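Letter by letter, the sequence shown follows residues 386 to 696 in the numbering used here.
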Amino acid sequence: DPTCNRLQEQVAEMLGKEAGLFVTSGTMGNQVCIKALTSPGDEVIVEKDSHIFHYEAGAPGILSGVQLHTLEGERGFLSADRIEAAIRPPNIHHAPTRLICLENTHNRAGGTIFPLEAIQAIRVLADKYELQMHLDGARLWNASAASGISLRTWARYFDTVTVCFSKGLGAPVGSLVAGSKDRIEKARRIRKILGGGMRQAGILAAGALYAVENHIGRLADDHRRARRLAEALNSMPGLRIDLDAVQTNIVFIEVEREEMTAANAAGILAGRGVLMLALTPKRLRAVTHLEISDADIDRTIEVFRAFFQGS
C-alpha cells in the first residue's frame, strides 16, 4: 500500500534507519524484534519493570523460545556495570546472553527518560560482548520532545527500534519497527508468521502518518500539563508525588491516607468525571495526552482539592 510504504520510509528516515515495518501494536513490534535478534534457548536482559516483561503475555518464551533475565533498575534504567555483571559466561549450563532490551521513556517508572550517556555506555558493552540491542521506544517521541535530543540520536545505538503511533501521538492504531534492510526483511517474515500481514493497510497507516506530521510538536503541552498537575497534587495532604520522576506525560500519585486504597480513590474520582488507573494498592497513574486540555487539568485539580482537602 503506498500510504503504508510512505509511513515506513518517513519514520525510518526520522530514526536514521534503513527501513521500517508497520505493525499493529508495540507488543507485536517488540516481539518481532526479539525473534529477529535471537535464537531459541538464548537469554534476553530486560529491566524488571519493563513493558516486555510485564505486559506482553509471556510472549518471548512462547514465540521466540528465549528466557528473560530481569534486572533491578533505578527509575527503570540500567547501568552498563549492572548489565555486564548479568552477562552469562560461556558455559554449557547457561542460556547464552544474546540481547539487551531497553525502554525509553519507561512506562512503569512514570515516563522517565533513559539517560543518553548510559545508553552509549551500554552500546560499548554490547559491542564488547557481541550482543544485540533493541529499544522499546513506544514513547520515544516524548523522550525526544522533553530532552531536545533527536529521534535519530536516540535510535543510533540500537539494532532495532519500535515506536508507537497510538499513545502520545494519538493515532487510532499501530507501531513501527525500524532497523537495517536485512533485519527488516527478516522482521517482515516474522510479522507474517504472527498474523500481522495486512492488506489495504493504508487506512491505518494514514492515521499514523497524520499523527507523525501533526502531533509531535504538541507533546510539550502534554509534558507541561503533567508537571502542573503533579505540582498541584503534591501540595495536597494525603497525596505524594516524586516530582523528579515527572519528566514527560505520566504522573504517579501515591495515596498516603491509611484508610484509602488507590482503587477506592479511582472509583470516587471516576464518579466525578476524572479517570485514572489504580496501578498498585496505593498508586494512581494519570496520563496527559492530546485529548486533555488546560481546562481539564484545572477541573482535575479542583476535584482532587474538593476530595482530599474538603468534604
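By construction, the Cβ of each residue, glycine as well, lies at the ideal position given by its N, Cα and C atoms.
Here the structure is a predicted model, which is why all the values come from computation and not from measurement.
The C-beta separation of E488 from S435 comes to about 5 Å, placing the pair in contact by the 8 Å criterion. In the DSSP assignment, F407 falls within the unbroken beta strand (DSSP E) covering A404 to V408. Excluding its 5 nearest sequence neighbours in each direction, L614 has C-beta neighbours in its own chain below 8 Å: V636, A671, T673, I682, T685 and I686, listed in chain order. Closest by C-alpha distance to K433, out of P425, E459 and V408, is E459. Bridge partners of I485 according to DSSP: I430 and M518.
In the three-state reduction of the DSSP assignment, F462 falls in the strand class.
Note that the stretch 411-428 touches the stretch 508-525; at least 3 beta-carbon pairs, one per stretch, sit closer than 8 Å. DSSP links V640 through a beta bridge to L624. Contact between L456 and R473 does not hold, since the beta-carbon distance rounds to 13 Å and is not under 8 Å. In the structure shown, A523 falls within a coil segment according to DSSP collapsed to helix, strand and coil.
Separation of Q632 and A572 (C-alpha to C-alpha, rounded to the nearest whole angstrom) is 32 Å.
In this structure the stretch 550-565 lies against the stretch 600-610, because at least three pairs of beta carbons, one per stretch, are closer than 8 Å.
Secondary structure of L675 (DSSP, three-state): coil.
Under the three-state reduction of DSSP, I437 is assigned to helix. S565 counts as exposed, since fewer than 16 other beta carbons sit within 10 angstroms of its beta carbon. One alpha carbon belongs to V548, the other to A563, and they sit about 8 Å apart. A contact is defined here as three or more CB-CB pairs under 8 Å, and the stretch 484-498 meets this definition with respect to the stretch 509-519. Going by beta carbons, L675 and L669 fall outside the 8 Å limit.
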